[in-house]
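Residue numbers (the numbering used here): 35 to 350. In what follows, a structure is listed as structure tokens, so that the remarks can point back to it.
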Ligand SMILES: Nc1ncnc2c1ncn2[C@@H]1O[C@H](COP(=O)(O)OP(=O)(O)OP(=O)(O)O)[C@@H](O)[C@H]1O
Ligand SMILES: [Mg+2]
């Protein structure tokens, strides 16, 4: 289906266990060059493990992967030359200044003009004014920007971002999204992990949901949304116990998903009669509704649908 030559990443049947505990059961996916791919999963799903394997930091137990056309088991150094990883925990040296960190990486990556490269990146990432301060005095957002700037040295064709916006405030988060989009526009392939559905929705050309060691679903945001019901009704109750009673009652005729402690999501076919039936059932059961809304599916619905049992949220 896809032209293999245009794939930045090709992963087939990756498996990885730690001390007998299986983390990756059977992970397969492809990432076309120049696109943004988001690996979405809950805490502990194996996102960082997948990135660590693809960036050759750890070895898979089995399975194959080609990164920018290079087999990661046969030619790990060729893979490393093409990629860059900006970490969930920034790889910057906090004792050094911003400029020193950048120059160090530029030297390690054999950039002939390390000073000039650092100057350009400091300016591009809004860090020129703090260039000569130790990183330990930087804010979280400034560290994250420096981390990404370091990742761009040597112009890697493939960038890995492990949870690029975790810990950033909303403004810094938007700014990071803009940077990631512009990297992609300039032809760089971006592989990112996230637990945030809106981030995957906003950024990724392709989203893959990692759950219980497997890619449970993948596709564009629109394709994933089509996996769940065409329309849902969100019901809000004043307590968890009322919600539980409502859930039992509605489950007799509807597909119901617990959403938060006090809310339920009911799938419908979008027709008024189906929606009306929900409210009639609740009225006949003397159940008070604190609020309601009708929604078209979001990526949250897809995630709850697929990963519901894992996140402690029940789905039918
Ligand atoms: N070196 C290791 N030794 C033992 N267990 C590990 C190791 N690295 C990861 N694990 C386990 O593998 C599982 C997946 O971890 P991983 O860090 O890949 O998850 P994640 O999806 O990145 O989670 P998070 O969203 O919290 O970053 C976890 O249960 C974790 O405890
Ligand atoms: Mg992680």
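For glycine and all other residues, C-beta sits at the position ideal for the given N, C-alpha and C. Model, not experiment: these values are computed from the prediction.
Report yes if the CB atom of residue i is closer than 8 Å to the CB atom of residue j, and no otherwise.
| i | j | result |
| --- | --- | --- |
| residue 41 | residue 65 | yes |
| residue 291 | residue 338 | yes |
| residue 50 | residue 83 | yes |
| residue 224 | residue 195 | yes |
| residue 59 | residue 99 | no |
| residue 126 | residue 207 | no |
| residue 193 | residue 222 | yes |
| residue 70 | residue 119 | no |
| residue 48 | residue 94 | yes |
| residue 234 | residue 88 | no |
| residue 150 | residue 137 | no |
| residue 213 | residue 182 | yes |
| residue 190 | residue 117 | yes |
| residue 251 | residue 139 | no |
| residue 80 | residue 247 | yes |
| residue 113 | residue 90 | yes |
| residue 331 | residue 259 | yes |
| residue 215 | residue 166 | no |
| residue 302 | residue 308 | yes |
Is residue i a contact residue of ligand 2, with contact defined as CB to any heavy atom under 7 Å?
| i | result |
| --- | --- |
| residue 81 | yes |
| residue 233 | no |
| residue 196 | yes |
Can you find a CB in chain C that lies within less than 8 Å of the CB of residue i?
| i | result |
| --- | --- |
| residue 205 | Going by chain labels, chain C is absent from the structure shown, which holds only one protein chain. |
Below 8 Å on the Cβ atoms is my guess for residue i versus residue j; work out the distance and round it to an integer in Å.
| i | j | result |
| --- | --- | --- |
| residue 326 | residue 268 | 6 Å |
| residue 72 | residue 237 | 6 Å |
| residue 244 | residue 75 | 4 Å |
| residue 186 | residue 155 | 7 Å |
| residue 310 | residue 298 | That pair is no contact at about 17 Å. |
| residue 284 | residue 336 | So it is not a contact: roughly 21 Å between Cβ atoms. |
| residue 270 | residue 296 | 6 Å |
| residue 253 | residue 240 | 7 Å |
| residue 135 | residue 180 | 6 Å |
| residue 46 | residue 97 | 6 Å |
| residue 272 | residue 324 | 5 Å |
For the beta strand (DSSP E) that contains residue i, what are its first and last residues?
| i | result |
| --- | --- |
| residue 314 | Where residue 314 is concerned, there is no enclosing beta strand (DSSP E), although the alpha helix (DSSP H) it sits in stretches over 306 to 318. |
| residue 327 | 325 to 329 |
| residue 301 | 297 to 302 |
| residue 291 | 290 to 292 |
Tell me where the alpha helix (DSSP H) around residue i begins and ends.
| i | result |
| --- | --- |
| residue 282 | 274 to 285 |
| residue 43 | No alpha helix (DSSP H) holds residue 43; the beta strand (DSSP E) holding it covers 41 to 52. |
| residue 339 | 333 to 341 |
Taking 7 Å as the cut-off, is the C-beta of residue i nearer than that to any heavy atom in ligand 1?
| i | result |
| --- | --- |
| residue 61 | no |
| residue 135 | no |
| residue 57 | yes |
| residue 49 | no |
| residue 282 | no |
| residue 201 | no |
| residue 75 | yes |
| residue 230 | no |
| residue 353 | Outside the displayed range of the chain (35 to 350) lies residue 353, so it cannot be described from this structure. |
| residue 159 | no |
| residue 52 | yes |
| residue 175 | no |
| residue 78 | yes |
Beta carbon of residue i: closer than 7 Å to some heavy atom of ligand 3?
| i | result |
| --- | --- |
| residue 57 | Among the ligands in the structure shown, ligand 3 does not appear; only ligand 1 and ligand 2 can be found there. |
Inset, instruction - Any chance you could list the alpha helix (DSSP H) runs of at least 4 consecutive residues sitting entirely within the region 66 to 135, in chain order? - result: 81 to 88, 110 to 116
Legend entry - Length-filtered (4 minimum) alpha helix (DSSP H) runs lying within the region 201 to 270: 204 to 219, 231 to 237, 255 to 259
Legend entry - 4-residue-minimum alpha helix (DSSP H) runs that sit fully inside the region 135 to 203, ordered along the chain: Counting only runs of 4 or more, we get 148 to 158, 174 to 186.
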